[in-house]
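K.L.:
When the count follows this note's numbering, it moves up by one through the sequence shown with no breaks and lands on 307 for the last residue.
For each residue, glycine too, the CB sits at the ideal point set by N, CA and C.
Every value quoted in this text rests on a predicted model; they were computed, and no experiment measured them.
I have a structure here, written as structure tokens, and I will follow up with some questions on it.
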Amino acid sequence: MRARLTLALAGLALIACAAAGAGAVEATAGRARLVTDDLGRAVAVGRAPLRMVSLSPGATEMLFAAGAGAQVIATVEYSDEPAAARAVPRIGDVATIDMERLVALRPDVVVAWPAGGNPAQRDKLAGLGIPTYDQQVERLSDLPGSLRRLGALAGTQAAAERAANSLEMRLAALARTYGTPADHRPTVLLQVWNRPIYTVGGKHLMSDALTLCGARNVFADLPEPGPLVDTEAVIARNPDIIVAAAPPGEGAAWVADWQRFPTLAAVREHRVVAFENQALSRLGPSVLDATEELCRTIARVSRGSY
């Protein structure tokens with residue numbers, strides 16, 4: 002349960018992304034380059050191609066999307082998107098990695114999720130002189146820029162630009178299709194864990210997905226990225242729709258649990274729905290596939306045709 006909950010709430014740390022430009026700047030000395038990561042940090046790396054280790058599933062997916070999959074020599078558990086990433090050796094998970102194996106691989110750069118990992122291990126990487134590039138998105142609209150910066154890191158700018166342009170077109174299409182005036186948007190509880198109930202606050206990427214789908218996160222005002230809420234709080238806010246974003250095979254049970262609360266409008270109007278696409282919690286391009294599915298689901302529920 003803990004591993005799945007960690008994935009469901011991935012990206013919960015709030016990172017102030019000062020993403021400045023996508024281009025790599027050639028330094029004057031030797032083969033070194035300075036590239037800008039998603040936190041606006043200048044990272045010194047050698048010339049591409051690079052030997053890269055990815056320390057999060059989202060970063061792995063983003064690197065492959067940016068055309069740099071062949072440069073990824075190791076990653077962590079649950080890095081299963083795209084399918085080609087499943088062949089990359091694992092050296093740990095998002096919480097801890099096998100440092101001896103990582104060092105033995107002699108990576109040119111480590112691509113990390115700023116909110117994850119072991120701080121002591123990260124300090125050790127710095128002490129060993131292994132460059133760390135932070136990859137992080139807070140909003141769906143951050144995905145294209147992050148791809149472009151990874152393309153600059155990997156020397157795969159052309160592939161990254163194509164992927165970024167595709168994401169921008171898809172985001173624009175979703176906004177056109179599901180854009181709704183604020184006063185006509187249904188309120189939604191996005192439930193990401195059951196017993197106890199976890200949801201997402203307004204600064205989480207999944208809350209951004211709800212907005213793109215023409216809905217309002219009923220707990221958008223909460224400052225925590227992944228807050229724990231009780232049934233009394235849900236009853237008090239009385240969402241129009243409850244989306245049970247459950248692990249595969251568990252959605253029906255989560256929906257059934259809500260039937261104990263017939264005073265809820267979502268229960269009374271049969272607007273409690275299971276959503277088992279786990280890509281919604283990812284921090285890579287597949288989150289957009291899941292968002293498209295979420296938008297269709299909310300639209301059907303809103304029309305009463307689910």
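Going by DSSP in three states, T157 sits in which element: helix, strand or coil?
P.N.:
DSSP places T157 in coil when its eight states are reduced to three.
K.L.:
With DSSP run on the structure shown, which of helix, strand or coil describes G93?
P.N.:
In the three-state scheme derived from DSSP, where H, G and I count as helix and E and B as strand, G93 is classed as strand.
K.L.:
Once you ignore the five residues that flank S303 on each side, which residues in its own chain have a CB closer than 6 Å to its CB?
P.N.:
P187
K.L.:
Going by DSSP, which residues form a beta bridge with W114?
P.N.:
Per DSSP, W114 has no beta-bridge partner at all.
K.L.:
For N278, does the three-state DSSP call read helix, strand or coil?
P.N.:
In the structure shown, N278 sits in coil (DSSP, three-state: anything other than H, G, I, E or B).
K.L.:
What is the C-beta distance between G118 and L56, in whole angstroms, given that I count them as a contact (C-beta under 8 Å)?
P.N.:
At roughly 6 Å, the Cβ-Cβ gap stays under 8 Å, so G118 and L56 are in contact.
K.L.:
Taking 6 Å as the limit between beta carbons, can you name the residues of its chain near V44, skipping five residues before and five after?
P.N.:
Non-local beta-carbon contacts of V44 in its own chain, meaning distances under 6 Å to residues more than five positions away in sequence, involve V36, D38, P132 and Y134 in chain order.
K.L.:
Quick check: I236 and L213, are their CB atoms within less than 8 Å of each other?
P.N.:
no
K.L.:
Roughly how many whole angstroms lie between the Cα atoms of A155 and V112?
P.N.:
11 Å
K.L.:
Based on the DSSP output, what are the partners of A85 in its beta bridges?
P.N.:
Bridge partners of A85: none, in fact.
K.L.:
Can you round the beta-carbon distance between S147 and M53 to whole angstroms, since I take them to be within the 8 Å contact cut?
P.N.:
Going by Cβ atoms, the distance from S147 to M53 rounds to 15 Å, so no, they are not a contact pair.
K.L.:
Could you check which residue in L284, S282, I243 and L295 has the C-alpha nearest to that of H271?
P.N.:
I243 is the residue among L284, S282, I243 and L295 whose C-alpha sits nearest the C-alpha of H271.
K.L.:
Give a yes or no on whether the C-beta atoms belonging to R102 and I92 are separated by under 8 Å.
P.N.:
yes
K.L.:
Can you tell which of F262, L151 and D241 has the C-alpha that lies nearest to the C-alpha of G305?
P.N.:
Nearest to G305 by C-alpha distance, out of F262, L151 and D241, is D241.
K.L.:
Please identify the residue among K125, N166, W114 and V89 whose C-alpha is closest to the C-alpha of V104.
P.N.:
K125
K.L.:
For E78, I'd like the list of residues in its chain whose CB is within less than 6 Å of its CB, leaving aside the five on either flank, ordered along the chain.
P.N.:
R91 and D94
K.L.:
A246 to L51, Cα distance in whole Å?
P.N.:
Roughly 37 Å separates the two Cα atoms.
K.L.:
Would you call R149 buried or exposed, if buried means 16 or more other Cβ atoms sit within 10 Å of its Cβ?
P.N.:
buried
K.L.:
By the 10 Å Cβ neighbour count, where 16 or more other Cβ atoms means buried, how is H185 classified, buried or exposed?
P.N.:
exposed
K.L.:
Whose CA, out of L172, A66, D99 and M100, lies closest to the CA of A85?
P.N.:
A66
K.L.:
In angstroms, rounded to a whole number, what distance separates the CA positions of L10 and L284?
P.N.:
Here the model assigns L10 a pLDDT of 46, short of 50, so the residue's position is not dependable and the matter cannot be decided.
K.L.:
Could you check whether E82 and S287 sit closer than 8 Å to each other, using their CB atoms as the reference points?
P.N.:
Between S287 and E82, the gap from beta carbon to beta carbon is short of 8 Å.
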